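Asker: Sharing a structure with you now.
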Amino acid sequence: MTKAEQVTFNYIYGAQQIYRKLIDCMARPGKINDIQELITGIEQTHDFSPSLMAIAYTLIDREVSFHVITNRQRDVAQFLHWKTFSKNEQLEKADYIFVHKELNEQDIHEIMSCVNIGSLEDPHESATLVLHLSSFQEGDTYRLSGPGIAGEKLCSFEGLSPHWIRLRNELNKEYPLGIDLILTNDSGEILAIPRTTLIESECS
């Protein structure tokens, strides 16, 4: 491919299209949308997933803050700040938290004990957690129910530790307090689990 033929990410059109797909996912929890075609121009930077990078480009700007958890955390944080002008903040203060790293139970517990779940006066100030997984086709299966879902919906997640779901459910016990989840994978798919969604393991 020549230089002239190389595809680059369109920060206006691409971000707008991804935002629409994210809103659709939030309105229909468990629905999988594909953003692969929109992110083909994003190269993997500092071992950070292109789909996570595209979601970050879409959601963060100088008006909000973010925190990243990855093997090259400092490099990714500096890169995102340079690209978006968003502030790299401490975990407990971040509006958006992007995770691209395999974590053990203790690590997940430490993260979830710090995330902002909002307040009764300002529940909208809670954090959104964005996780990178391997696949939505295999792995543990969960039942989703609640607003935006007709009856129940089954979803499978490969690479999602059950500790994320258990602790997410604990944080979301007292609605409207809680966090929203956005999931993405190696195939450039996205899926959302807002705080209003009930999620249970199919094995329970």
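Residue numbers (this note's numbering): 228 to 431.
Beta carbons: idealized from backbone N, C-alpha and C, even for Gly.
Treat the numbers as computed from the prediction; the structure is a model and nothing was measured.
Gln263 to Lys400, Cα distance in whole Å?
Answerer: As a position in the sequence shown, residue 263 is number 36, starting the count at 1. As a position in the sequence shown, residue 400 is number 173, starting the count at 1. Near 34 Å, if we compare the C-alpha coordinates of Lys400 and Gln263.
Asker: Under a Cβ-count criterion, where at least 16 other Cβ atoms within 10 Å of its own Cβ denotes burial, should Ser346 be classed as buried or exposed?
Answerer: Looking up residue 346 in the sequence shown gives position 119. Ser346 comes out exposed.
Asker: Relative to the C-alpha of Phe363, which candidate in Gln244, Ile259 and Tyr246 has its C-alpha closest?
Answerer: For the purposes of this step, residue 363 is taken as residue 136 along the sequence shown, with counting starting at 1. Among Gln244, Ile259 and Tyr246, the Cα nearest to that of Phe363 belongs to Ile259.
Asker: Just verifying my parser: in three-state terms, what is the DSSP assignment at His390?
Answerer: In the sequence shown, the residue the question calls residue 390 occupies position 163. If DSSP states are grouped into helix, strand and coil, His390 belongs with the helices.
Asker: Which word fits Ser428, buried or exposed, when buried means at least 16 other C-beta atoms lie within 10 angstroms of its C-beta?
Answerer: Within the sequence shown, residue 428 is the residue found at index 201, counting from 1. By the neighbour-count rule (16 or more Cβ atoms within 10 Å), Ser428 is not buried but exposed.
Asker: Return yes when the Cβ of Phe384 is within less than 7 Å of the Cβ of Leu356, no when it is not.
Answerer: As a first step, residue 356 must be located in the sequence shown, where it is residue number 129. As a first step, residue 384 must be located in the sequence shown, where it is residue number 157. Going by C-beta atoms, Leu356 is not nearer than 7 Å to Phe384.
Asker: Is it the case that the region 289-306 contacts the region 390-405, given that we only count it when at least three CB pairs across the two stretches are under 8 Å?
Answerer: no
Asker: Starting from the Cα of Ile406, find the closest Cα among Pro389, Ser414 and Thr424 and give me that residue.
Answerer: For the purposes of this step, residue 406 is taken as the residue at position 179 of the sequence shown. Checked all of Pro389, Ser414 and Thr424; the closest Cα to Ile406 is Thr424.
Asker: Whole angstroms is fine: what's the gap from Gln271's alpha carbon to Ser388's?
Answerer: Taking the first residue of the sequence shown as 1, we reach residue 271 at position 44. Taking the first residue of the sequence shown as 1, we reach residue 388 at position 161. Cα-Cα distance, rounded: 24 Å.
Asker: Taking only the alpha-carbon atoms, compute the straight-line gap between Asp322 and Ala377 and give it to the nearest angstrom.
Answerer: Counting from one through the sequence shown, the residue named residue 322 turns up at place 95. Counting from one through the sequence shown, the residue named residue 377 turns up at place 150. The alpha-carbon atoms of Asp322 and Ala377 are separated by roughly 30 Å.
Asker: Around the C-beta of Lys320, are 16 or more other C-beta atoms found within 10 angstroms, so that it is buried, or is it exposed?
Answerer: Counting from one through the sequence shown, the residue named residue 320 turns up at place 93. Under this definition Lys320 is an exposed residue.
Asker: Under a Cβ-count criterion, where at least 16 other Cβ atoms within 10 Å of its own Cβ denotes burial, should Tyr240 be classed as buried or exposed?
Answerer: Sequence index remark: in the sequence shown, residue 240 carries index 13 (1-based). It is exposed - the Cβ of Tyr240 has fewer than 16 other Cβ atoms within 10 Å.
Asker: If you draw a straight line from the alpha carbon of Gln244 to that of Arg393, how long is it in whole angstroms?
Answerer: Counted from its first residue, the sequence shown places residue 244 at position 17. Counted from its first residue, the sequence shown places residue 393 at position 166. In a straight line, the C-alpha of Gln244 is about 32 Å away from that of Arg393.
Asker: If I'm right that Asp302 touches His327 with Cβ under 8 Å, what's the distance once you round it to whole angstroms?
Answerer: Within the sequence shown, residue 302 is the residue found at index 75, counting from 1. Within the sequence shown, residue 327 is the residue found at index 100, counting from 1. Asp302 to His327, Cβ: 12 Å. No contact.
Asker: Would Glu232 be called buried (16 or more neighbouring beta carbons within 10 Å of its own) or exposed?
Answerer: In the sequence shown, the residue the question calls residue 232 occupies position 5. Confidence at Glu232 is low in this model, with a pLDDT of 45, below 50, so the placement of that residue should be treated as unreliable; the coordinate-derived value is given next. When all chains shown are included, Glu232 counts as exposed.
Asker: Let me check understanding here. Comparing Cα to Cα, which of Leu286, Ala281 and Pro350 lies closest to Leu398?
Answerer: Stepping through the sequence shown from its first residue, residue 398 is reached at position 171. The residue with the shortest Cα to Cα distance from Leu398 is Pro350.
Asker: So, at 6 Å on beta carbons, what are the nonlocal neighbours of Phe236 in its own chain, with the 5 sequence-adjacent residues on each side left out?
Answerer: Against the sequence shown, residue 236 aligns to sequence position 9. Only Gly268 and Ile269 meet the Cβ criterion.
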